[in-house]
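Protein chains: 2
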Amino acid sequence: MEKSSHPYLSVNEIDKFTHNDIVYKTKVSNLLKVAQTMIFYYALKTVSVASQIALEEAGADYDLHELDFSTTEQQSNDYLNVNPKGRVPALATKHGIITETPAILVYIAQTYPKAKLAPLNDHFQFAKMQAFNNYLSSTVHVNHAHKIRGNRWVEDEDKVSQAAMKAKVPKTMAESFTLIEKEMFSGPWVLGENFSVCDCYVFCISTWLAGDKVNIEDFPKIHNHHKRMRQRESVKKVTGIHGI
Amino acid sequence: MEKSSHPYLSVNEIDKFTHNDIVYKTKVSNLLKVAQTMIFYYALKTVSVASQIALEEAGADYDLHELDFSTTEQQSNDYLNVNPKGRVPALATKHGIITETPAILVYIAQTYPKAKLAPLNDHFQFAKMQAFNNYLSSTVHVNHAHKIRGNRWVEDEDKVSQAAMKAKVPKTMAESFTLIEKEMFSGPWVLGENFSVCDCYVFCISTWLAGDKVNIEDFPKIHNHHKRMRQRESVKKVTGIHGI
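Chains as they are written, first to last, in the numbering used here: chain A, 1 to 244; chain B, 1 to 244.
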């Protein structure tokens, strides 16, 4: 029971608490109550921002659990029980834990359909949304990660290769945003007339551009979108928490 | 009209052909007919394999259009009209073009629900499926890509850094498959009792392991899954086309 009172709730753990021992059940009742509220595991100024904005847009009921990247808390055993990948974000739901931004974004949109955060009833438009999110995840975020996470792909001690990776980030990020600006951004929102989780996601990544030595003003649609996003209450709240 | 008779069909192009000039319409009638059948743009021995197996599992009606990577046909102007990212696969549907493997896989599952290729009616299970696909796309495929596509992230002429990236691929791919084997693979299929698009995708990537100097036998569940996948008619057909 020690571990169960820890804020790192694992649903596998809760599943063990389903036998008929009343006393035992009473002991975990608070835990089970907590489990009805989603917990969003995040770290400051990371891609967590995208999902957190979507949670706000959805009007979701959730608790925040911040992880301290400066102490690599995301690699602690407690957090690895939540997400064995040791990454953020993770969303603990009453059914279990969800990881990966594109998966979390769609889960939020499907769970809160009234917020109309995704084209849920049109397979083709849904696929366009997915393709956009996946491009951000597997290409744009990966480009960005080569700035300070180069040791994922070369040995830790190889600082020369890591510096070479870092040096190309302004170019790859500018190329990606050129493609987004010219080919993927319908306007006024990413998918056209309707706001969607894609807007949360691309806004989040657009906040990285200055640090990646890319001038957002080179991309007028994205720049305008960024400014409009900052006027939304959801974005004001989340950027306030992250200090971005 | 020259371009329209080309096998690279763009839906934007077809949209231009909607005025009432009967002669004009007759000229493009074959094109419009073709547009009713999906076209799958692929290249041999690439991640296209995953979506192509899913198309076969779905019993989809589609035509194949092979791109020759040896002549970088994926960067030709004709193909950039289909997919401005210059990557494969791309699926041309009557509604438009879909890119990115996780998006294509879900589109196939949603379009052919009788094939039961995804947990479409359970948001949480759907999210688990998405998280798995996204991990393959944004982490595992990216790890693999550092073997021969290192010039995406460092300058072309920097062969030293590219060699350093290539050298770490066996390690990163083994780490990813350790995580899949231990944490993500429910068995007998990826998501548990039911076959899904996740099985098509992880099978495709598992065919890369030998070339990445990773021994698939180190991962008993994945190895067993790989052998069972090769017994399916869909997989026999697609691996036959790709020679893998």
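For glycine and all other residues, C-beta sits at the position ideal for the given N, C-alpha and C.
These numbers were taken from a predicted model, which means no experiment stands behind them.
Best match in B:L44, B:N143, B:M229 and B:E181 for proximity to B:T172 [C-alpha to C-alpha]: B:N143
Output yes if chain A places a C-beta closer than 9 Å to the C-beta of B:Q75; else output no. no
CA nearest to the CA of B:I97, picked from A:V106, A:M129, A:L120 and A:E73: A:M129
Tell me whether the beta-carbon of A:D218 lies closer than 9 Å to the beta-carbon of B:A164. no
Segment limits, alpha helix (DSSP H) that includes A:M229: P220 to R230
Residue ranges of each alpha helix (DSSP H) run of no fewer than 4 residues wholly in the segment 67-127 of chain B, ordered along the chain? 77-82 and 101-111
Counting contacts by CB-CB distance shorter than 9 Å, is A:I98 in contact with chain B? yes
Rounded to a whole number of angstroms, what is the C-alpha to C-alpha distance between A:E155 and B:R149? 17 Å
What residues in its chain sit with their C-beta under 7 Å from that of B:C198, if we drop five residues either side in the sequence? M129, F132, N133, V190 and L191
What does the alpha-carbon distance come out to for the pair B:F203 and B:Q36? 29 Å
Output yes if chain B places a C-beta closer than 9 Å to the C-beta of A:K168; else output no. yes
Apart from the five residues just before and just after B:K221, which ones in its own chain have a Cβ nearer than 7 Å to its Cβ? E181, F185 and G187
Going by DSSP in three states, B:G150 sits in which element: helix, strand or coil? helix
When the cut-off is 9 Å and only beta carbons count, does A:W189 lie next to chain C? Reference to chain C is not applicable here, since the protein chains of this structure are A and B.
Output needed in chain order: residues of the segment 109-135 of chain A with a Cβ under 9 Å from some Cβ in chain B. Q110, T111, D122, H123, F124, Q125, F126, A127, K128, M129, Q130, A131, F132, N133, N134 and Y135
For a quick check, are the C-beta atoms of B:V88 and B:L120 less than 9 Å apart? no
Is there a Cβ of chain B sitting closer than 9 Å to that of A:E183, yes or no? yes
Counting only beta-carbon atoms, is A:N51 nearer than 9 Å to chain B? In the sequence as displayed, the identity of residue 51 of chain A is Ser instead of Asn. Output row for A:S51: interface = no.
Of all the CB atoms in chain B, is at least one closer than 9 Å to the CB of A:I224? First, the residue type needs correcting, since residue 224 of chain A is Asn and not Ile in the sequence shown. So no, A:N224 is outside the interface.
Considering Cα atoms alone, identify which of A:E183, A:K236 and A:W208 is closest to B:N81. A:E183
Nearest chain B C-beta to A:K85 closer than 9 Å, yes or no? yes
List, in order along the chain, the chain B residues whose C-beta lies closer than 8 Å to that of A:L209? None at all; the shortest Cβ gap to chain B is about 18 Å.
Cβ pair A:S51, A:L117 closer than 9 Å: no
Closest Cβ-Cβ distance between A:Y62 and chain B: below 9 Å? no
Buried or exposed (CB count within 10 angstroms, at least 16 for buried), B:K168: buried
What are the start and end residues of the alpha helix (DSSP H) that includes A:I297? Limits of chain A in this structure are 1 at one end and 244 at the other, which puts residue 297 of chain A out of reach.
Quick check: is the beta carbon of B:N143 nearer than 9 Å to any beta carbon in chain A? yes
Classify A:K147 as buried or exposed, calling it buried when 16 or more other Cβ atoms lie within 10 Å of its own Cβ. buried
Alpha carbons only, please: which of B:G86, B:A109 and B:A58 is nearest the one belonging to B:Y41? B:G86
Step through the CB atoms of chain B and report whether any lies within less than 9 Å of the CB of A:Y107. yes
In or out: A:L105 buried (at least 16 other Cβ within 10 Å) or exposed? buried
Return the CA-CA distance between B:V160 and B:K166, expressed in angstroms with no decimal places. 10 Å
Same chain, Cβ closer than 8 Å to A:A210, neighbours up to 5 away in sequence not counted: I216
Closer than 8 Å at the beta carbon, the chain B residues around A:D156: Going along chain B, no residue has its Cβ under 8 Å from A:D156, so there is no contact; the nearest lies around 10 Å.
Nearest to A:K45 by alpha carbon, out of A:S206, A:Y79, A:N83 and A:L136? A:S206
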